[in-house]
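Accompanying notes for the structure given below.
There are 2 protein chains.
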Amino acid sequence: MRTLHADTGYLLYRLGLRSGQLFNTFLQESGLRLRHYAVLRYLATCEGALQRELSARLGYDPSAIVGLVDDLEKLGFAERRPAPDDRRSRIVVLTEDGRAFLRDTDQAGRRVTDELLTPLAPAERETLHTLLARVAGNGLA
Amino acid sequence: MRTLHADTGYLLYRLGLRSGQLFNTFLQESGLRLRHYAVLRYLATCEGALQRELSARLGYDPSAIVGLVDDLEKLGFAERRPAPDDRRSRIVVLTEDGRAFLRDTDQAGRRVTDELLTPLAPAERETLHTLLARVAGNGLA
DNA sequence: AACAACTGTTGACGACACCAATTATTGCGC
DNA sequence: GCGCAATAATTGGTGTCGTCAACAGTTGTT
C-alpha cells in the first residue's frame, strides 16, 4: 500500500497548513491574521477595490470580507469609501498607516517563507515557485 | 509593492486549501473527510497504530484522533484493540472493509491529484513532488 | 411600473485547531 | 512497597473558519 506522503496533493495540503500557521504566528503580535494580511497586500497592488472584488480574488466568502474590512478599519489600516457610480458598492482603500504597516512587516514576512523553505537552495526555491504558480493557474492564487 | 502571488509561502497556503477542498469533495459521497482518509491510509502502511502515534505522524491533536477513530469504527473501517503490554493504549487496526474501501477509492484518489496538477507535465510533477517532500522534511508530511 | 440581478450585511451551523482538565495506567525514585 | 511524575485516551470549552440562507438597498431590464 502506497503511503500518504507519496501523494503530491496531500503534501500540498499539509504544507499549506504549515505555511498558514507560520504566517499566523508571525502576525500574532500585530493582532492581525493571515486573512487580514492578504487583504492588505492585495489593496496595496490596486489602489482601491470593491469588496466583491476582494472576495473573488482572494477566495474568501463575501460575508468574511465584511468582518476583515471591519477589523482593518478599526485598526486604521484601511477605510471604506462610497463608490461614485454605484451606491451599492463601497471602495476599500489602504490608508497611510496600512501602507506603513506593510513596509514595516515586509522583511519579517519574507523571513517566514525563508524559514519554510530552509531545506531548499535558492535555485530550487525558484523552481518550486514557478511550478506552484503554474498549478495555481490563471485564477486567484 | 510586490503582489501576494509572488510569495511562495502564500502560494503554498492557497494551493493547500484548494487541494484539501478537492479531496473533501471527492470523499463527500463516502461520508468521510480528508482527516479520516489520512488515518485510513496511514493504518494501511503499519498494520496497527497507537492513537498517540497517529496524532504525532499525521499532525492532528490527540483529542481529534478520538473522534476520527470513533467515526471509522462506526463505519466498520477500523477498530480499537487493547494493547497487550500497556493497558492505557489502544491499538487501532484497519478492518477488511476499511482495506476494501481503500482499494475501491484508490483510483479516484489519484484522479484528485491529477486534476490539481493538470497544468504540469509528468516530469514537472515529479520535480514538484520531490521539492515538496524536501520542504516537508523528515517529520510527518 | 414590475421584476430579476447584484452588493454588502447579518445570522446560523458544522468543521477544525488549540488548550486545559480528568481518568486510568505505567514507570521511577526512594 | 509507597509516593509521585509521566503518559494514553478522553472530554469539554474557546476561538477561528468555510459555507450557506436570508435580508435590505440599489441597479438594470423590459
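As given, the protein sequences belong to chains A and B, one line each in that order. With UniProt numbering as the guide, the letters of the first sequence map in order to residues 1 to 141. With UniProt numbering as the guide, the letters of the second sequence map in order to residues 1 to 141. We put the CB at the ideal spot given by N, CA and C, even for glycine.
Item: The ligand SAM heavy atom lying under 6 Å from the CB of residue 98 of chain A; Value: Inclusion of the ligand SAM in the displayed structure is not the case, the ligand content being empty and no account of it being possible.
Item: Beta-carbon contacts of residue 165 of chain B that lie in its chain and below 8 Å, excluding the five residues immediately before and after; Value: Only positions 1 to 141 of chain B appear in the structure, and residue 165 of chain B is not among them; the question remains open.
Item: Host beta strand (DSSP E) of residue 94 of chain B (start-end); Value: 90 to 94
Item: Proximal chain A residues relative to residue 7 of chain B, where beta-carbon distance stays under 7 Å; Value: 113
Item: CB contact below 7 Å: residue 33 of chain A versus chain B; Value: no
Item: Where residue 48 of chain B falls, given that 16 or more other Cβ within 10 Å makes a residue buried; Value: exposed
Item: Contacts around residue 4 of chain A, its chain only, beta-carbon distance under 8 Å, and the 5 residues preceding and following it disregarded; Value: 10
Item: Local conformation of residue 33 of chain B per DSSP, three classes; Value: coil
Item: Rounded straight-line distance, which links the Cα of residue 95 of chain A to that of residue 131 of chain B; Value: 39 Å
Item: Whole-number beta carbon distance between residue 70 of chain A and residue 36 of chain A, since they are thought to touch under 8 Å; Value: About 10 Å; that fails the 8 Å criterion.
Item: Alpha helix (DSSP H) segments (min. 4 residues) lying fully within the stretch 56 to 102 of chain A; Value: 62 to 74
Item: Where residue 78 of chain B falls, given that 16 or more other Cβ within 10 Å makes a residue buried; Value: buried
Item: 6 Å CB neighbourhood of residue 24 of chain A in its chain, flanking five on each side removed; Value: 33, 34
Item: 6 Å CB neighbourhood of residue 124 of chain B in its chain, flanking five on each side removed; Value: none
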